[in-house]
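Student: Submitted below is the structure of interest, expressed as structure tokens.
There are 2 protein chains.
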Amino acid sequence: MIQHYRFGHPIHTGAVLDKPTMDITPVKDFPGWDISPSNGSLSKTLSESMRVFGLGETVRGMNKRGWIYISNNTDDPNHDEDKRSLYASQNFILLAAPEEEEVEGIFVDDPGTVRFDIGYTELNRLTICSESGNADIYRFTADSADEIVRQFRAITGQSYIPPKWAFGFGQSRWGYKTEEDIRTVYERYRDASVPLDSIYLDIDYMERYKDFTVNTESFPHFSDFVEEMRKSHVHLVPIIDAGVKMEEGYETYEEGCEKDYFVKKENGERLVAAVWPGRVHFPDFFKPEVQNWFGHKYQFLLEQGIDGFWNDMNEPAIFYTEDRLKEVFEEIEKYKNENLDIQSYFAFTNLVSTLGNNPADYRRFYHEHEGQSIRHDKVHNLFGFYMTKAAGEALRKMEPNKRILLFSRSSYIGMHRYGGVWTGDNKSWWSHLLLSLQQMPALNMCGFLYSGSDIGGFGADCTEDLMARWLSLAILTPLYRNHACAGTRLQELYQFQNLESFRKIIELRYALIPYIYSEFMKAAVKNGMYFRPLSFIWSKDSRAYEVEDQVVVGESIMLAPVVEQNHNGRTVYLPESMKLLRFKAWNDYTEEILPAGTHYVECRLFETILFLRKGHVLPLIKPAKTTAELDYASLKFLCYDADPKDYTLYNDDGFTRNLPFTF
Amino acid sequence: MIQHYRFGHPIHTGAVLDKPTMDITPVKDFPGWDISPSNGSLSKTLSESMRVFGLGETVRGMNKRGWIYISNNTDDPNHDEDKRSLYASQNFILLAAPEEEEVEGIFVDDPGTVRFDIGYTELNRLTICSESGNADIYRFTADSADEIVRQFRAITGQSYIPPKWAFGFGQSRWGYKTEEDIRTVYERYRDASVPLDSIYLDIDYMERYKDFTVNTESFPHFSDFVEEMRKSHVHLVPIIDAGVKMEEGYETYEEGCEKDYFVKKENGERLVAAVWPGRVHFPDFFKPEVQNWFGHKYQFLLEQGIDGFWNDMNEPAIFYTEDRLKEVFEEIEKYKNENLDIQSYFAFTNLVSTLGNNPADYRRFYHEHEGQSIRHDKVHNLFGFYMTKAAGEALRKMEPNKRILLFSRSSYIGMHRYGGVWTGDNKSWWSHLLLSLQQMPALNMCGFLYSGSDIGGFGADCTEDLMARWLSLAILTPLYRNHACAGTRLQELYQFQNLESFRKIIELRYALIPYIYSEFMKAAVKNGMYFRPLSFIWSKDSRAYEVEDQVVVGESIMLAPVVEQNHNGRTVYLPESMKLLRFKAWNDYTEEILPAGTHYVECRLFETILFLRKGHVLPLIKPAKTTAELDYASLKFLCYDADPKDYTLYNDDGFTRNLPFTF
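Next up, the structure:
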């Protein structure tokens, strides 16, 4: 059952479909909740055993109790556990407890700041507050978590489906500058016989960080090079930034000015913000004509053979605005020649440290939305969604028959119809290894099925053992990309000592592609989840609710990866008997049936353990150098009290759009 | 056996005693090691099962493999897992493996930068490198880890012993400004019947952050107030900073200038650095006369009834130097009116963000050490040690019969003879809850027995459940202090909902004081450890080496606290049968014998679980409002296959120095 309650006068965000496939009932209150329209809040007392899931890409565990989360899309590379906001706002939570018959979901459709105080102020109290007091609130009730997720998708739409090659291994690094750099990556993987489907182009491929340009000095024959890679079934995936460089003679800039496509300040002047190229304008993605214009700009790269993109810096990230920078330089003057003590020293350094992503800057500009002028901060969390919608809709027009890879850093619910997400600038931390697992079910719940974290970690230095464990942990994660920040230790797999062992993990990934692709498609088409917390399946098992480092992936597999350094195994909780598959390589593995209960399971470095559920089947294929080269004739099936016939395998050409996808 | 090898021409640090109680043999090499005197390095191949313990106060687990640690004392409040340096340099490691008969220790006595590459560059290679190439290296070999620790203490000296009240509960916060603020803390704990032994005075008690002053506006009758608290057996513990404010008429400053006691630059001018009060000079703690002078300054506070101190900012922390600040203001000019792009924007912001603790500033000044002028960076890691030695030696002269509480933020081996340490500015993070447990054995190994982390976390906002779990985890930690940073959520226990439940945990702490005090004294007097990794006891049990979230405390207790949010229990590894004690309150507990193996053990919020070892005894006493008021007639004993007579209890008046302390 879906109920709807409205605070104030919310804008139409597009998160909810114009024609949902389930009925929505307007109501005057929600049973069990205290609603206070005057301060835009709703709250509820939680039983001790009640768990709160959801919120997509946030810090902390799968159970979100014990913190305040604030939806306010932010470019913050330090995903510490005390952060309240990351890049995304996915305002959907799900409440479940082992002793409750009913599961409940809440979606707050408000693109401004929304606070979720989940047992922070009071241990057993949940309070959700819309800062503006304008929000559409949807309440879902059903007898299972899976059903709540289906209801939610029925009103917000089916998830984006990428091409099949997007499930292969990808290599990325901010720092590849030239065609030769990229070719080296390709060749070193090829020479080591490590499968690879894609190489990512970070900001340096552009000419001075200008969208829809290619640096012709470092990529003198770009389309030839794209073609050269494509012949080996390797796809190049360029980044697209939200800000458009201010530069005379740069077409996108000049056209945008001419057609009045950029966001403006109250006084009618275009906002001058800055990111990589320095001064930029932001397209007003709230206008349909701007969406159409910007989206069709991707044509420039499609024409050169590109078939995948990642949208970045679209919170939008702001290094500074010209107005604020001027103020800061003026204020700095005051501190010259002073004795800077505790107050004045921090006041001075804060001037500079708060230049980036300053809240005041997000109040300096306006959007035009359905005829209304709206100050940016009130609709802030839609910006990345609308940029990606712009791309997604235009790509559908330009390539009506071909799936194009598209994912984004910033997001809002609704964007899941147009693209996936990656979880932004994580770090080479063991805690982020675990976090990357915990974020997946939360993202899936919110509709974002095509997702993944930067394997090995983006910031900080990766160690060989962390890389090995991360590749194993993410072995079933749809977006399977090794990515790192400029200035960090090189972390392509061939930079480490045990390349052979890494190859075996990547080969296992490719051996699992038939399962990954089948299960992803089922989740997408049936409005289900690909990653699930254990408690979504064993909903009466109170121990299952405690488990924060194991997930179920698809119908057959439970993952319980090693997430701590210097460990040769881990304890695992089995809600029921499962078959432990321990892989040293895709074709070198052992099978062992374990009873329900708590087990210490050995898992040495470079080994991958999977738990096959009873009554289920895992298909395995002989690996190939790319997903395109997989030979489905080589399929075999691992079973635990099941028959290969019990498994519904899905496959297709890997790129055609609009297949029937029925099961 | 203790061997000694020398690189270059190291200075005499005082870490090793002039008269060690064990022989040290000079050698030409260390068996099994590759020594390269030309680049100041020694290295060794590690078997896969070899563990490396030690390094005192560092990030990451008890087993230090898989990272580079750099000894370079640094005031860094972000103890993320990729940090290489924190406040302390404790260059002692211990190597052990289940299949090895011999345990090995290495101590690098070099007060400059030392790198420990423990399987970072190569998974199975340990390389230690003295940057300056001047170091005394000591190698220890024995048949047990405990024996290595005893050998190490035999040459570096016995650990500092605090007064008994220092084991009671302490409350602290940067933000208590007045006598009234402090009285409120006292009264609110008293009114709630929560035991309390101490309240800490952070920087605001001073007059404009000047050492050895008291702000007479906010503390108009300081000594009366100290006396008022002392009557209730509550001790006030003021902070002492390393920097001396430059201010005409301020005695310490004027005297220091007059007597030439402050550090100077190459040109002979006194270095102008800045911390809380703005511009300061640093005492040259390397000169014996300065140590004596500064140490005797504590008299000002002793005279007012104070009997405990914490030395802070003694890495030394530097907000900026006057010289660097001037350069920065000049360089900032260049960026005015420019289009700040990726290069120039980061160059500009880095100018300001690198002002604090800038490596170049540590090369701007000199110390006089045994007649030599030495540039600070070459002996950097001794600064906090010598400040605390100054205090410790003077306090011994001024109070020859009374133990005075003294601990420090910065440290180096040798300082453990003069005071304890706290682990600096941690955060209200669950990962730091675990870290605080992992740091204890490492600190103990290095001689720092009196230690602890800020309970509830210093930076970031503490939640009620984190506070509860932290108080339980630290239930046996010598320094048991709740401390928080200005600007964070208030975290005195009475700020939360379940004060009654908190009281029960604190009462349990007091019930355990006889055990804590006895075991601490045994460790101190016998040159042993109070906190030990499991593998130090079960040295042939390979599972015991994997355990990173359990420790043995004293002879009787294994701790296995809950370290994850939203968990009602945890899995515990028992190397042998133990008795599980589950406390809801000091006098409300259950006992259950568990066999060796892996168990899921319930432990709900506000419960504390302890594991009593077989053949051992745990004394328990009726709690009192302060440690001074404990009635030892109320002692009782919990036993597992043991008799109360099997336990050696230690007690004394709690403050007399130089007791025989024999067992």
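Sequence order for the protein chains is A and B.
For the first sequence, counting from 1, position 343 maps to 414 in the working numbering; every step adds exactly one.
For the second sequence, counting from 1, position 586 maps to 657 in the working numbering; every step adds exactly one.
For glycine and all other residues, C-beta sits at the position ideal for the given N, C-alpha and C.
Please list, in chain order, all residues of the same chain as B/T212 whose beta carbon is under 6 Å from its beta carbon, the five residues on each side excluded.
Tutor: Within the second sequence, the letter at position 141 stands for residue 212 of chain B. Around B/T212: M72, E173 and E175.
Student: Just to make sure I have the definition right: I need the residues of chain A whose C-beta is within less than 9 Å of the C-beta of B/F436. Which are they?
Tutor: Walking along the second sequence from the start, residue 436 of chain B turns up at place 365. In chain order: nothing, as chain A lies at least about 19 Å away.
Student: List the residues of chain A that B/A531 touches, going by C-beta distances under 9 Å, in chain order.
Tutor: Here the question's residue 531 of chain B lines up with position 460 in the second sequence. Going along chain A in sequence order, the residues near B/A531 (Cβ under 9 Å) are D151, E152 and D153.
Student: Thinking C-beta only, is A/T642 closer than 9 Å to A/Y616?
Tutor: Mapped onto the first sequence, residue 616 of chain A falls at position 545. Mapped onto the first sequence, residue 642 of chain A falls at position 571. Going by C-beta atoms, A/Y616 is not nearer than 9 Å to A/T642.
Student: Relative to the C-alpha of B/A695, which candidate in B/N637, B/K575, B/I310 and B/Q636 has its C-alpha closest?
Tutor: Sequence index remark: in the second sequence, residue 695 of chain B carries index 624 (1-based). Nearest of B/N637, B/K575, B/I310 and B/Q636 to B/A695, Cα basis: B/K575.
Student: Please determine, among A/S203, A/H75, A/M629 and A/Q229, the residue with the shortest C-alpha to C-alpha distance to A/G485.
Tutor: Here residue 485 of chain A refers to the residue found at position 414 when the first sequence is read from its first residue. A/G485 has its Cα closest to that of A/Q229, out of A/S203, A/H75, A/M629 and A/Q229.
Student: On a CA-only basis, which of B/Q636, B/V343, B/F290 and B/M629 is nearest B/S648? Give me that one, please.
Tutor: Mapped onto the second sequence, residue 648 of chain B falls at position 577. Nearest C-alpha to B/S648: B/M629.
Student: So what does DSSP say about B/W493, is it helix, strand or coil?
Tutor: Numbered from 1 along the second sequence, position 422 holds the residue referred to as residue 493 of chain B. If DSSP states are grouped into helix, strand and coil, B/W493 belongs with the strands.
Student: Taking all protein chains shown into account, decide if B/C276 is buried (16 or more other Cβ within 10 angstroms of its Cβ) or exposed.
Tutor: The residue given as residue 276 of chain B occupies position 205 in the second sequence. Sequence inspection shows Tyr at residue 276 of chain B; the Cys mentioned does not correspond to that position. Label assigned to B/Y276: buried.
Student: According to the neighbour-count rule (16 or more other Cβ atoms, all chains shown, within 10 Å of its Cβ), is B/I736 buried or exposed?
Tutor: Residue 736 of chain B lies beyond the stretch modelled for chain B, which goes from 72 to 734, so this question has no answer here.
Student: Please list the terminal residues of the continuous alpha helix (DSSP H) segment that includes B/G668.
Tutor: Here residue 668 of chain B refers to the residue found at position 597 of the second sequence. Unbroken run through B/G668 is the beta strand (DSSP E), G668 to E673; no alpha helix (DSSP H).
Student: By a C-beta neighbour count over all protein chains shown, 10 Å radius and 16 as the cutoff for buried, is B/G625 buried or exposed?
Tutor: Position 554 of the second sequence holds residue 625 of chain B. Buried, because 16 or more other Cβ atoms sit within 10 Å of the Cβ of B/G625.
Student: Based on DSSP bridge pairs, tell me the residues matched to B/W609.
Tutor: Mapped onto the second sequence, residue 609 of chain B falls at position 538. Bridge partners of B/W609: none, in fact.
Student: Give me the residue from B/E337, B/Y271, B/H292 and B/S289 with the minimum Cα distance to B/V305.
Tutor: Position 234 of the second sequence, counted from the first residue, corresponds to residue 305 of chain B. Comparing Cα positions, the closest option is B/Y271.
Student: For B/A206, which beta-bridge partners are listed by DSSP?
Tutor: For the purposes of this step, residue 206 of chain B is taken as the residue at position 135 of the second sequence. B/F78.
Student: For B/V343, which residues in the same chain have their Cβ closer than 6 Å to its Cβ, ignoring the five residues on either side in sequence?
Tutor: Against the second sequence, residue 343 of chain B aligns to sequence position 272. R350 and E393, listed in sequence order.
Student: Report buried or exposed for B/F417, applying the criterion of at least 16 other Cβ atoms within 10 angstroms of its Cβ.
Tutor: The residue you call residue 417 of chain B lines up with position 346 of the second sequence. With fewer than 16 other Cβ atoms within 10 Å, it is exposed.
Student: Tell me whether A/A263 sits in a helix, a strand or coil according to DSSP, three-state version.
Tutor: Position 192 of the first sequence holds residue 263 of chain A. In the structure shown, A/A263 sits in coil (DSSP, three-state: anything other than H, G, I, E or B).
Student: Just to confirm, is the Cβ distance from B/Y489 to B/D432 under 9 Å?
Tutor: The residue you call residue 489 of chain B lines up with position 418 of the second sequence. The residue you call residue 432 of chain B lines up with position 361 of the second sequence. Contact flag unset, no.
Student: What is the DSSP secondary structure of B/V130, counted as helix, strand or coil?
Tutor: Counting from one through the second sequence, the residue named residue 130 of chain B turns up at place 59. Looking at B/V130 - three-state DSSP - the assignment turns out to be coil, as it is neither helix nor strand.
Student: Starting from A/I139 and walking both ways along the beta strand (DSSP E), at which residues does that stretch end?
Tutor: Within the first sequence, numbered from 1, the residue matching residue 139 of chain A stands at position 68. Taken as a continuous stretch (DSSP letters only), the beta strand (DSSP E) holding A/I139 covers W138 to S142.
Student: Run through the DSSP bridge pairs and tell me what B/R653 is partnered with.
Tutor: If you number the second sequence from 1, residue 653 of chain B lands on position 582. B/R653 pairs with B/T661 and B/I680.
Student: Among A/P354, A/Y209 and A/F726, which one has its Cα closest to the Cα of A/D94?
Tutor: Taking the first sequence and counting its residues from 1, one reaches residue 94 of chain A at position 23. For A/D94, the nearest C-alpha among the options comes from A/Y209.
Student: With 16 other CB atoms within 10 Å as the buried threshold, where does A/S109 fall?
Tutor: As a working note, residue 109 of chain A is residue 38 in the first sequence. A/S109 comes out exposed.
Student: Tell me whether the beta-carbon of B/F365 lies closer than 9 Å to the beta-carbon of B/A462.
Tutor: Here residue 365 of chain B refers to the residue found at position 294 when the second sequence is read from its first residue. Here residue 462 of chain B refers to the residue found at position 391 when the second sequence is read from its first residue. Yes, the pair counts as a contact, with Cβ atoms nearer than the cut-off.
Student: With 9 Å as the threshold, decide whether the Cβ of A/Q636 is near any Cβ in chain B.
Tutor: Taking the first residue of the first sequence as position 1, residue 636 of chain A is located at position 565. Taking Cβ atoms only, chain B reaches closer than 9 Å to A/Q636, which makes this a yes.
Student: Go ahead and pull the three-state DSSP assignment for A/W381.
Tutor: Taking the first sequence and counting its residues from 1, one reaches residue 381 of chain A at position 310. It is a strand residue.
Student: Pull the bridge partners of A/L165 from the DSSP assignment, please.
Tutor: Looking up residue 165 of chain A in the first sequence gives position 94. A/L165 is bridged to A/F124 and A/G176.
Student: Flag this pair as yes or no: are the beta carbons of A/H438 and A/F519 separated by less than 9 Å?
Tutor: Taking the first residue of the first sequence as 1, we reach residue 438 of chain A at position 367. Taking the first residue of the first sequence as 1, we reach residue 519 of chain A at position 448. Result no, Cβ atoms of A/H438 and A/F519 do not sit closer than 9 Å.
Student: Go to A/M306, then tell me how far its alpha helix (DSSP H) extends in each direction, as first and last residue.
Tutor: Position 235 of the first sequence, counted from the start, is the residue given in the question as residue 306 of chain A. The displayed chain sequence assigns His, not Met, to residue 306 of chain A. Note, A/H306: premise wrong, no alpha helix (DSSP H); beta strand (DSSP E) at H306 to D312.
Student: Going by C-alpha to C-alpha distance, which of A/W347, A/H447 and A/S522 sits closest to B/D412?
Tutor: Your numbering for residue 412 of chain B matches position 341 in the second sequence. Comparing Cα-Cα distances from B/D412 to each of A/W347, A/H447 and A/S522, the minimum goes to A/W347.
Student: Does the distance from the CB of A/V492 to the CB of A/A159 come in under 9 Å?
Tutor: Within the first sequence, numbered from 1, the residue matching residue 492 of chain A stands at position 421. Within the first sequence, numbered from 1, the residue matching residue 159 of chain A stands at position 88. Yes, Cβ-Cβ distance for A/V492 and A/A159 is below 9 Å.
Student: Express the C-alpha separation of A/V450 and A/D207 in angstroms, rounding to a whole number.
Tutor: Counting from one through the first sequence, the residue named residue 207 of chain A turns up at place 136. Counting from one through the first sequence, the residue named residue 450 of chain A turns up at place 379. Looking at the two C-alpha atoms, the distance is approximately 14 Å.
Student: With 9 Å set as the bound, which would you pick, yes or no: does the beta-carbon of A/V423 sit closer than that to a beta-carbon of chain B?
Tutor: Numbered from its first residue, the first sequence carries residue 423 of chain A at position 352. With 9 Å as the cut-off, A/V423 counts as an interface residue toward chain B.
Student: Return helix, strand or coil for B/S215, following the three-state DSSP convention.
Tutor: Residue mapping note: residue 215 of chain B aligns to position 144 of the second sequence, counting from 1. It is coil, neither helix nor strand.
Student: Give me the Cα-Cα distance between B/V130 and A/Y565, rounded to the nearest whole angstrom.
Tutor: Taking the first residue of the second sequence as 1, we reach residue 130 of chain B at position 59. Taking the first residue of the first sequence as 1, we reach residue 565 of chain A at position 494. Whole-angstrom Cα-Cα distance: 28 Å.
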